[in-house]
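Protein chains in written order, with my numbering: chain A, 4 to 411; chain B, 152 to 326; chain C, 3 to 281. The beta carbon of each residue, even a glycine, is placed where N, CA and C say it ideally should be. A quick write-up on the structure given underneath.
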Amino acid sequence: MSGNSTYQPQSKVLQWFEKRLPIGGLIHSSFVAYPTPRNLNYWWTFGGILTMMLGIQIITGIVLAMHYTPHVDLAFKSVEAIMRDVNYGWLLRYTHANGAAMFFFAVYIHMFRGIYYGSYKEPREVLWILGVIIYLLMMATGFMGYVLVWGQMSFWAATVITNLFSAIPGVGDTIVTWLWGGYAVGNPTLNRFFSLHYLLPFVIAGVVVLHIWALHVAGQNNPAGIEPKSEKDTVPFTPYATVKDGFFMACFLILFAWFIFYVPNFLGHPDNYIPANPAVTPAEIVPEWYYLPFYAILRSIPDKLIGVLALFGSILILAFLPWLDTSKVRSGRYRPLFKQFFWLWVIACIGLGWLGSKPPEGIYVILSRLFTLYYFAFFLIVLPLLGFFEKTKPLPNSISESVLGAKA
Amino acid sequence: MTTVSSAEHTRRDFLYIATGAVGAVGAAAALVPLISQMNPDASTIAAGAPVEIDLTPIAEGQIVKVFWRSKPIFISHRTKKEIDEAKNVAVDSLKDPEPDSARVKSGHDQWLVVIGICTHLGCIPLAHQGEYDGWFCPCHGSQYDSAGRIRKGPAPKNLPLPPYKFVSDTKIQIG
Amino acid sequence: MTNKRTIIALAAAGLVAGLVAGTAAPAAAQEHQVPPPAMKWSFAGPFGKYDEAQLQRGFKIYKEVCSSCHSMDLLSIGSLADAGGPGFTAAQAAAIAATYKIADLDDKGQPIERAGRPADHFPAPFPNAAAAAAANGVAPPDMSTLAKARGYQRGFPTFLFDIVTQYQEAGPDYIHAILNGYKEAPKGFTVPAGGHYNEYFPGHVIAMPQPLADGQVTYDDGSPQTLAQYSKDVTAFLMWAAEPKLVQRKRTGFQVMIFLILLSGLLYFTKKKVWSAVH
Numbered sequence: 004m005s006g007n008s009t010y011q012p013q014s015k016v017l018q019w020f021e022k023r024l025p026i027g028g029l030i031h032s033s034f035v036a037y038p039t040p041r042n043l044n045y046w047w048t049f050g051g052i053l054t055m056m057l058g059i060q061i062i063t064g065i066v067l068a069m070h071y072t073p074h075v076d077l078a079f080k081s082v083e084a085i086m087r088d089v090n091y092g093w094l095l096r097y098t099h100a101n102g103a104a105m106f107f108f109a110v111y112i113h114m115f116r117g118i119y120y121g122s123y124k125e126p127r128e129v130l131w132i133l134g135v136i137i138y139l140l141m142m143a144t145g146f147m148g149y150v151l152v153w154g155q156m157s158f159w160a161a162t163v164i165t166n167l168f169s170a171i172p173g174v175g176d177t178i179v180t181w182l183w184g185g186y187a188v189g190n191p192t193l194n195r196f197f198s199l200h201y202l203l204p205f206v207i208a209g210v211v212v213l214h215i216w217a218l219h220v221a222g223q224n225n226p227a228g229i230e231p232k233s234e235k236d237t238v239p240f241t242p243y244a245t246v247k248d249g250f251f252m253a254c255f256l257i258l259f260a261w262f263i264f265y266v267p268n269f270l271g272h273p274d275n276y277i278p279a280n281p282a283v284t285p286a287e288i289v290p291e292w293y294y295l296p297f298y299a300i301l302r303s304i305p306d307k308l309i310g311v312l313a314l315f316g317s318i319l320i321l322a323f324l325p326w327l328d329t330s331k332v333r334s335g336r337y338r339p340l341f342k343q344f345f346w347l348w349v350i351a352c353i354g355l356g357w358l359g360s361k362p363p364e365g366i367y368v369i370l371s372r373l374f375t376l377y378y379f380a381f382f383l384i385v386l387p388l389l390g391f392f393e394k395t396k397p398l399p400n401s402i403s404e405s406v407l408g409a410k411a
Numbered sequence: 152m153t154t155v156s157s158a159e160h161t162r163r164d165f166l167y168i169a170t171g172a173v174g175a176v177g178a179a180a181a182l183v184p185l186i187s188q189m190n191p192d193a194s195t196i197a198a199g200a201p202v203e204i205d206l207t208p209i210a211e212g213q214i215v216k217v218f219w220r221s222k223p224i225f226i227s228h229r230t231k232k233e234i235d236e237a238k239n240v241a242v243d244s245l246k247d248p249e250p251d252s253a254r255v256k257s258g259h260d261q262w263l264v265v266i267g268i269c270t271h272l273g274c275i276p277l278a279h280q281g282e283y284d285g286w287f288c289p290c291h292g293s294q295y296d297s298a299g300r301i302r303k304g305p306a307p308k309n310l311p312l313p314p315y316k317f318v319s320d321t322k323i324q325i326g
Numbered sequence: 003m004t005n006k007r008t009i010i011a012l013a014a015a016g017l018v019a020g021l022v023a024g025t026a027a028p029a030a031a032q033e034h035q036v037p038p039p040a041m042k043w044s045f046a047g048p049f050g051k052y053d054e055a056q057l058q059r060g061f062k063i064y065k066e067v068c069s070s071c072h073s074m075d076l077l078s079i080g081s082l083a084d085a086g087g088p089g090f091t092a093a094q095a096a097a098i099a100a101t102y103k104i105a106d107l108d109d110k111g112q113p114i115e116r117a118g119r120p121a122d123h124f125p126a127p128f129p130n131a132a133a134a135a136a137a138n139g140v141a142p143p144d145m146s147t148l149a150k151a152r153g154y155q156r157g158f159p160t161f162l163f164d165i166v167t168q169y170q171e172a173g174p175d176y177i178h179a180i181l182n183g184y185k186e187a188p189k190g191f192t193v194p195a196g197g198h199y200n201e202y203f204p205g206h207v208i209a210m211p212q213p214l215a216d217g218q219v220t221y222d223d224g225s226p227q228t229l230a231q232y233s234k235d236v237t238a239f240l241m242w243a244a245e246p247k248l249v250q251r252k253r254t255g256f257q258v259m260i261f262l263i264l265l266s267g268l269l270y271f272t273k274k275k276v277w278s279a280v281h
């Protein structure tokens, strides 16, 4: 989205239009001529995959809303009517439900990639923070969408998550009542969740535009972590990046389709096929898998308020990453020590995810505490200190040298 | 990239076109469920199954309204006078010419069954009103006669007939 | 030096104390559950289909046995004739519907009972959940989604292999096991009043008395009239009730997979061609 474009349409009509609204030039400079580093690997295709997933979720969501009824007596029935009666309803609903999981799967890879290659570092801090905001919005949207089904897990997830706010000293209970619109999770809660679940994806789309804008101002980071210096270091976005993104999107769709058509309920919980019952709590309350690491952090701390603060802190800390990492070298490729700590951190995240699904007792609690401790230590101790002590490997002179050097 | 044979070119173009075509087919196929979902669903279709109506409680001169597929259906038990009026009109003079015999089932002259939706803009006409012993539409003043035919006003067509049949002399099945 | 050591020791002790605090909670919260035996289901796997004759037998069991306590109110009676289901004809489904009495209102607004139509849903045996609970001790669960609402913990790493093997039959396996799981309680195990011992039920005490036994339901197609056969048939029927579009889903899935593999292949070669210029 850079300023002056050399784009000049051939048709007279388009030239006339372009003079008055240079949208063709904007698209051309952003998605055709836009120079991308030539050494991008497949981890860089997840930005495009995420855009596709947002599109799929919005389209299937709008369609599902045509058949869904946000009322406590009818929500579960209307979802089942979608599955049984609506033409292709089963396909639309399974796509939307598994699409949420795939969206999070892709965003986690996108985030791990950003952290490994130091994509948050100067001059891409704002780009990174916009990404953290998108992630927060995704979590809120995903949670509220899960509640709409109004099964047992929906209802009790809504109860547990809204109760997090009761930890706020003094005003906690007032805030929770305000969130519910009643004295417990009920019809007003379901109605407002539906309203917000419909709104937030469009807010996400807006922040995504800002995210891409910021990306096109700073330019893409790349596996070498050094800026392009000459034309030899870059290739035009189209066709190079488009076809590469397209290929990996198709591969991603194979995985996605596998879940939709063959194991559509693998990622769900059986209890959510039981209609919500405010009088009976299920034997175990487990959030969707993509929230499990944070759920494990919450439960690892015996104090309610500190637990909730740790939960929110574990997400918000990501926004401060550009300043917590003191290293001058961007890419993890040239940081031997960072690499080890990074993979340990990935293990901690996955470990926390596993522990989040386990009952909070015995060895599970001890492991949760160890991993939580390391999760925060990685940001607050390892990254700030590493910049001073780590002996980094020499950087290549240019991107093209790093590509050719790797080949030689 | 220094020398590219024309055969190489053709092969490359074919690959690009094939990829684009397959992608376009996929995009089009993805539209099918998105469009199809707006059609009536299975429960709506099931609820639109034929309904049976017992005619015995309908007195001569009475018009009742029943519903089939969410549409009002008028069942008129016509009097001798209404039948004669309907038969004695010069068919050519009508806006939508149809003889009375085309409006009822033969042998069941006293029973008129029509869809009660004005052919002008979809309002429900009022029974036993207007100048023709039939229906009067309050929205824009269309008037129908005792055979449900348009006689006056902006409506272009006669009241449509639903698909129905006599199961017995006193019972019809609509749909 | 000593000071420094003391500080480190104290910090370490504090850390350990913090980690252990609160972990002494009772670890017996999770009842041990006996994993149900894995059955062979016609609807499992990428090309799985329902066995029409089996679903018809299962429906007979549902109608003669289950439906006296369990509702199944998300299903329309006419769906028995839907593609991919038990394979009843529309006329058969209408005849089945007519055997049910449906509460309705007459022209004068008075409550009446009329013969069922295909669009009607299966009527519930009790007017509401409270009445069902009062009559049975515990309200028998609705059967519309039951086969998807039950399951059991697969454990690590089995649950990961399930993605590849497409194992989605934890619900049917569990229901089948429950129907076969009624046994004498082992010595020393006291079954509370109103409960029944079942090997596969979590906690082993189930409120439902044994619902099926050999010879209870008469089959018209010569299939064995045994509990082993009944339990398989009714479980398959419940899976269909919970997932009536399974056959369409798997068939569409195969077409989508073929298409996506073709598209990915073409895109791969296109990508190679495009990038050959810069490599």
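Within the region 337-361 of chain A, the residues whose Cβ lies closer than 9 Å to any Cβ of chain C are, in chain order, Trp357. If you look at Glu203 of chain B, you'll find it in the beta strand (DSSP E) that goes 202-205. Sorting A:Trp153, A:Asn101, A:Phe264 by C-alpha distance to the C-alpha of Gln168 of chain C places A:Phe264 at the top. The beta carbon of Leu107 of chain C does not come within 8 Å of any beta carbon belonging to chain A, so the residue lies off that interface. Between Ser334 of chain A and Gly228 of chain A, the CB-CB gap stays under 8 Å.
Around the C-beta of Gln343 of chain A, fewer than 16 other C-beta atoms lie within 10 Å, and the residue is accordingly described as exposed. The alpha-carbon of Thr101 of chain C is positioned some 10 Å away from that of Arg116 of chain C.
Gly174, Val176, Gly177, Ala180: these are the residues of the region 174-191 of chain B whose beta carbon lies less than 9 Å from some beta carbon of chain C, given in chain order. Think of a sphere of 7 Å around the beta carbon of Tyr201 of chain A: no beta carbon from chain B falls inside it, the nearest being about 17 Å out. By the CB criterion at 8 Å, Trp346 of chain A and Arg251 of chain C fall outside the cutoff. Around Pro120 of chain C, the beta-carbon contacts reaching into chain B at under 9 Å are Ala197, Ala200. Counting only the Cα atoms, Pro273 of chain A lies some 28 Å from Ala215 of chain C. Looking at the DSSP output, Arg116 of chain C sits in a beta bridge with C:Ile104. CA-to-CA, the gap between Thr195 of chain B and Ile85 of chain A works out to about 12 Å. Sixteen is the threshold: when 16 or more other Cβ atoms of the shown chains lie within 10 Å of the Cβ of Arg229 of chain B, as they do, the residue is buried. As far as DSSP is concerned, Leu373 of chain A takes part in no beta bridge. Taken through DSSP and simplified to helix, strand or coil, Asn90 of chain A comes out as coil. In the structure shown, Val349 of chain A adopts helical secondary structure according to DSSP, grouped into three states. Among the residues of chain A, those whose CB is under 7 Å from the CB of Ser194 of chain B are Ala84, Asp88, following chain order. At least one beta carbon of chain A lies nearer than 8 Å to the beta carbon of Ser146 of chain C. If you draw a straight line from the Cα of Val163 of chain A to the Cα of Trp292 of chain A, it is about 16 Å long. Contact annotation: in the region 93-107 of chain A, residues whose CB is within less than 7 Å of a CB in chain B are Leu94, Leu95. Going by beta carbons, Leu269 of chain C and Ala100 of chain A fall outside the 8 Å limit. Within the region 88-101 of chain C, contact with chain B at the beta-carbon level (separation under 7 Å) is assigned to no residue. Taking all protein chains shown into account, Lys234 of chain C has 16 or more neighbouring C-beta atoms within 10 Å of its C-beta and is therefore buried.
With a cutoff of 8 Å on beta-carbon distance, Ile98 of chain C and Asp122 of chain C are scored as not near each other. Interface criterion not met: the Cβ of Ser73 of chain C is under 8 Å from no Cβ in chain B. A distance below 8 Å separates the beta carbons of Val265 of chain B and Leu310 of chain B.
In the structure shown, Lys238 of chain B falls within a helical segment according to DSSP collapsed to helix, strand and coil.
Within chain B, the residues whose beta carbon sits less than 7 Å from that of Phe271 of chain C are Leu166, listed in sequence order. Short of 6 Å from the beta carbon of Gly390 of chain A, and not among the five residues preceding or following it, lie these beta carbons of its own chain, in chain order: Thr329, Ser330.
Taken in chain order, the complete alpha helix (DSSP H) segments of 4 residues or longer contained in the region 54-98 of chain C are 54-66. Shortest Cα-Cα distance from Val283 of chain A to any of A:Ser81, A:Gly154, A:Gly354 involves A:Gly154.
Listed along chain B are Arg163, Leu166, each with a C-beta nearer than 7 Å to that of Lys275 of chain C.
Scanning chain C for C-beta atoms nearer than 8 Å to the C-beta of Ala260 of chain A yields Gly255, Val258, Met259, Leu262, reported in chain order. The C-beta of Ala306 of chain B comes no closer than 8 Å to any C-beta of chain C.
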